[in-house]
Structures are given as C-alpha cells and as structure tokens.
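Protein chains: 2
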Amino acid sequence: MVVVRAGLSPERLTRAGAELADEAGFDQVTLSALARHFDVKVASLYSHLKNSHELKTRIALFALEELADRVAHAVAGRAGKDALTAFANAYRDYARAHPGRYDAARFRLDPQTAAASAGVRHAQMARAILRGYDLAEPDQTHAVRMLGSVFHGYVSLEAAGGFSHTDVASQDSWAWTLDSLDAALRRRATP
Amino acid sequence: MVVVRAGLSPERLTRAGAELADEAGFDQVTLSALARHFDVKVASLYSHLKNSHELKTRIALFALEELADRVAHAVAGRAGKDALTAFANAYRDYARAHPGRYDAARFRLDPQTAAASAGVRHAQMARAILRGYDLAEPDQTHAVRMLGSVFHGYVSLEAAGGFSHTDVASQDSWAWTLDSLDAALRRRATP
DNA sequence: TGTATCTGCCTATAGCCTATAGGCAACACG
DNA sequence: CGTGTTGCCTATAGGCTATAGGCAGATACA
Numbered sequence: 090m091v092v093v094r095a096g097l098s099p100e101r102l103t104r105a106g107a108e109l110a111d112e113a114g115f116d117q118v119t120l121s122a123l124a125r126h127f128d129v130k131v132a133s134l135y136s137h138l139k140n141s142h143e144l145k146t147r148i149a150l151f152a153l154e155e156l157a158d159r160v161a162h163a164v165a166g167r168a169g170k171d172a173l174t175a176f177a178n179a180y181r182d183y184a185r186a187h188p189g190r191y192d193a194a195r196f197r198l199d200p201q202t203a204a205a206s207a208g209v210r211h212a213q214m215a216r217a218i219l220r221g222y223d224l225a226e227p228d229q230t231h232a233v234r235m236l237g238s239v240f241h242g243y244v245s246l247e248a249a250g251g252f253s254h255t256d257v258a259s260q261d262s263w264a265w266t267l268d269s270l271d272a273a274l275r276r277r278a279t280p
Numbered sequence: 090m091v092v093v094r095a096g097l098s099p100e101r102l103t104r105a106g107a108e109l110a111d112e113a114g115f116d117q118v119t120l121s122a123l124a125r126h127f128d129v130k131v132a133s134l135y136s137h138l139k140n141s142h143e144l145k146t147r148i149a150l151f152a153l154e155e156l157a158d159r160v161a162h163a164v165a166g167r168a169g170k171d172a173l174t175a176f177a178n179a180y181r182d183y184a185r186a187h188p189g190r191y192d193a194a195r196f197r198l199d200p201q202t203a204a205a206s207a208g209v210r211h212a213q214m215a216r217a218i219l220r221g222y223d224l225a226e227p228d229q230t231h232a233v234r235m236l237g238s239v240f241h242g243y244v245s246l247e248a249a250g251g252f253s254h255t256d257v258a259s260q261d262s263w264a265w266t267l268d269s270l271d272a273a274l275r276r277r278a279t280p
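Chains as they are written, first to last, in my numbering: chain A, 90 to 280; chain B, 90 to 280.
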C-alpha cells in the first residue's frame with residue numbers, strides 16, 4: 090500500500106481554511122471539511138492545530154494581516170480625501186473579493202491575541218488617515234470609531250444583500266457616503 | 090407515571106429562543122438547548138417547527154417586529170435631529186439590551202419572508218426620519234444606506250468590544266457621530 | 001359517559017461535527 | 001542501517017440536526 094504523507098502544517102491548513110471560507114462561508118470552515126479537502130482523517134489535524142478555535146483564530150489573524158497590507162499599500166503616498174477614499178475602497182474591495190476572510194477578520198479574538206494582531210495596524214492607519222483633517226483628541230477617537238462603523242456597516246449590509254432592493258447603484262451610495270464623511274470630518278477640523 | 094404535556098407551541102419556542110439568544114448568543118440557540126429548557130426530547134420539537142432554520146427565522150421575525158415597534162414609539166412626534174437621535178438610540182439601546190435578538194434581526198431571510206417582515210417598516214421609518222432633511226432621490230436612498238451602515242456598524246463594533254481599548258467613552262463617540270450625521274444630512278438638503 | 005380520533009411527546013436510528021487516546025509506519029538522522 | 005521522532009491512522013465518545021414510527025393524553029361526539 091503506497092502511502093504518502095499529506096504534508097500538512099498549520100500554515101497550509103490556515104491557507105486552505107481561508108480559501109474555503111471565501112467559497113462556502115466562514116461558518117462552513119470545519120475541521121471535517123478541511124480533512125476532506127486534504128484527503129485525510131479528521132483526527133490527523135489535531136497534530137497541527139489544538140482545536141477548531143485555533144484554526145479560526147489563525148484564519149482571522151491571516152485575514153487581518155492581509156487586509157492591513159492592502160490598506161497600507163492603497164493609502165501610501167496619499168492624504169486628505171484621497172487617502173480616505175483609498176482606505177475605504179481597500180476595505181470594501183477586500184470584503185467583496187474575500188467575503189469569508191472578511192468575516193474571519195471580525196472573528197472575536199481574546200484580548201492578548203488581538204493586541205498582538207494586525208488589528209493594531211488597522212487602528213494606526215485609521216489615525217494616519219485622519220492626520221489630514223487636523224482633529225484633536227478626543228475628536229480623533231470619535232472619528233476613528235465613526236469611520237470604522239460606516240465602513241464595516243456598509244460592507245456587511247452590502248454583503249448581506251441589503252442594498253439590492255432598489256435600483257440605485259450601491260457604488261453611487263458608497264461614493265455619496267464617502268463625500269459626506271469627508272465633509273463631516275473637514276467641518277470638525279480644529280480652527 | 091404522571092406525565093404532563095409540556096404545552097409547546099411555535100410561539101413559546103420562539104420566545105424562549107429569543108431569551109436564550111440574549112443570554113448565550115444567537116448561535117447558541119439550538120433545538121437541543123431548547124429541548125433541555127422545556128425538559129423535553131429534541132424530536133418533540135419537530136412537531137412544532139419544520140427544522141432549526143425555521144426556529145431562527147421565527148426569532149428573526151420576532152426581533153425585527155419588536156425592534157420596529159420600539160423605533161416607531163421612539164420616533165413618534167419627533168422631527169429633524171430629534172427624530173434622528175431617537176431613531177438611532179432606539180436601535181442602539183435594543184442591541185445593548187438584547188444582543189442575541191439584535192443578531193437574530195440580522196439573520197438572512199429569504200426574499201419572500203423578508204418582504205413580508207417588519208424589515209419593510211424599518212426602511213419606511215428610515216425614510217420618514219429623512220423627511221426633515223429634504224432630500225430628493227437618489228440622495229434619500231444614499232442617506233438611508235449611510236444611516237443604516239453607521240448604526241449597524243457602530244452597534245456591532247461596540248458589541249464586539251471594539252470600543253473599550255481607549256478610555257474615551259463610547260457614549261461620547263456616539264453623540265459625536267450623530268452630530269456629524271445630522272450636519273452631513275443638513276448639508277445635503279435640496280436648496 | 002363511553003369511545004373514537006387526533007395530536008403531542010416518546011424511542012430508535014442515522015449522519016455530521018468536535019475531540020481524545022493510543023498505535024503503526026514513514027521519515028530523518030547518527 | 002538501525003533508531004527515534006512524528007505524521008497520520010483506528011477506535012471511541014459526546015453533541016448537534018433530522019426522520020420514522022409508536023403510545024398515551026386530550027378532545028369531540030354520540
């Protein structure tokens with residue numbers, strides 16, 4: 090009987106899990122499904138992962154990292170509304186291209202893990218965007234929260250199909266929303 | 090052997106499911122848990138519900154209805170920023186008081202069910218709020234989407250603990266955000 | 001009040017999920 | 001070329017959804 094080892098590793102499992110998430114949804118990412126994918130028995134996965142929670146955590150960290158990279162790249166060299174738009178689009182584009190990973194990025198991490206994750210970079214980049222708007226604390230924190238809310242809210246409602254009832258194009262509402270945010274932030278600038 | 094019937098019904102199961110959702114999370118609402126709660130065998134529930142999807146759908150419809158009632162009550166007799174604030178607070182207060190039901194209200198319904206749900210009232214009320222801002226189409230649709238995004242985004246990030254890293258009070262950011270939205274909408278008013 | 005029907009909850013079963021314990025063979029290294 | 005490590009295995013158990021079929025409590029009607 091010719092038996093070749095599958096060559097599993099936490100990294101390969103995470104990668105495959107992320108792809109599965111995009112195809113079938115983050116909640117369909119199970120050890121069973123992954124075992125099937127690698128043509129391996131479920132128990133074998135436990136040599137590489139403590140449990141299914143670790144798998145989800147790893148996918149979440151991977152997605153946060155990947156998304157942060159894209160946002161950083163999009164924002165580089167831009168300022169003001171230009172930077173705001175690039176930031177927002179990077180977010181939305183990622184969620185549309187990788188819905189499962191985007192969901193994964195919202196997976197609730199325990200505080201320590203979160204503190205060591207790319208989530209920190211996300212917060213830093215949001216504050217960097219706001220440099221163009223001259224906001225003093227606590228306004229800057231308020232603005233970070235508002236931006237995060239709008240982007241996450243829009244993207245998740247859009248993904249849920251909430252914007253397909255009328256024939257107003259979602260793209261137009263998105264541009265309109267970014268305009269409004271830019272104006273709102275400029276209005277808040279410290280004199 | 091004294092055997093009394095448990096007196097189950099779709100309504101009682103939905104109610105109990107909603108309560109369980111608030112206590113343990115919407116994803117913890119299972120037929121098993123419900124059967125334990127009523128001290129009944131799981132199979133018995135299938136006389137009242139087609140399957141677990143129907144249970145979740147019923148809880149979702151219940152939550153949408155309840156939330157719409159609260160919003161309607163909060164908004165009644167108000168206009169302009171006053172109405173906007175009442176609308177927003179009704180939303181946020183509900184999500185904080187009933188996190189599981191709020192999650193349930195976001196459960197994805199099939200189009201027919203959604204069309205017959207209180208979700209329709211939510212959309213109508215959002216448009217009613219905007220009457221105070223004199224927006225012509227398609228701006229009104231854009232505004233509905235933006236408001237929905239901010240409210241849902243804020244509430245869900247707040248619930249996920251995303252706003253507890255700094256010591257800026259979430260309440261202040263919320264008020265600041267509503268101020269900004271009000272200003273942004275007034276700016277869009279048709280001249 | 002007796003009896004027939006209906007229906008609510010039951011047992012039994014099966015499939016899919018996570019998880020643990022313990023075994024054997026493929027691989028890597030001296 | 002042996003020998004130890006480790007990658008994947010079988011076996012097992014517990015929790016979840018779901019279906020089929022059975023019995024007894026509730027109800028309705030003579």
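For every residue, glycine included, the Cβ atom is placed at its ideal position computed from N, Cα and C.
The residues 215, in chain order, have a CB closer than 7 Å to that of residue 237 of chain A in the same chain once the five nearest residues on each side in sequence are set aside. What residue 214 of chain A touches in chain B, judged by beta-carbon distance under 9 Å, is nothing: the nearest beta carbon there is about 15 Å away. Within its own chain, the residues whose Cβ lies closer than 6 Å to the Cβ of residue 180 of chain B, once the five positions on either side in sequence are excluded, are 240, listed in chain order. Secondary structure remark: continuous beta strand (DSSP E) runs of at least 3 residues inside the stretch 107 to 139 of chain B: none found. For residue 245 of chain A, the enclosing alpha helix (DSSP H) has its first and last residue at 228 to 248. Here residue 250 of chain A is exposed. Its C-beta has fewer than 16 other C-beta atoms within 10 Å. The beta carbon of residue 177 of chain A lies closer than 7 Å to those of 240 and 267 in the same chain, with the five residues before and after it left out. In this structure residue 222 of chain B is in contact with residue 274 of chain B, their Cβ atoms being roughly 4 Å apart against a cut-off of 8 Å. Listed along chain A, the residues sitting closer than 8 Å to residue 252 of chain B by beta-carbon distance are 234. Here residue 244 of chain B is buried: its Cβ has 16 or more other Cβ atoms, across all protein chains shown, within 10 Å.
A Cβ of chain B is located within less than 8 Å of the beta carbon of residue 230 of chain A.
Using beta-carbon distances, residue 242 of chain A counts as an interface residue toward chain B, with a partner under 8 Å.
Close CB contacts of residue 136 of chain A within its chain, under the 8 Å cut and outside five residues either way in sequence, are with 97 (chain order). One Cα belongs to residue 125 of chain B, the other to residue 142 of chain A, and the distance between them is close to 25 Å. Using a CB distance cut-off of 8 Å, residue 239 of chain A counts as an interface residue toward chain B. Boundaries cannot be given for residue 222 of chain A, as no alpha helix (DSSP H) includes it and DSSP labels it neither H nor E.
Separation of residue 123 of chain B and residue 116 of chain B (C-alpha to C-alpha, rounded to the nearest whole angstrom) is 13 Å. Going by C-alpha positions, residue 217 of chain B is about 15 Å away from residue 271 of chain B.
For residue 151 of chain B, the three-state secondary structure derived from DSSP is helix. Residues of chain B whose Cβ lies closer than 7 Å to the Cβ of residue 246 of chain A are, in chain order, 237, 238 and 241. Judged by beta-carbon spacing, residue 111 of chain B lies within the 8 Å limit of residue 190 of chain B, meaning their Cβ atoms are closer than that value. Within chain B, 273 and 276 have C-beta atoms less than 7 Å from the C-beta of residue 272 of chain A, given in sequence order.
Apart from the 5 residues on each side of it in sequence, residue 183 of chain B sits with its Cβ closer than 7 Å to the Cβ of 156, 159 and 191 in its chain, given in chain order.
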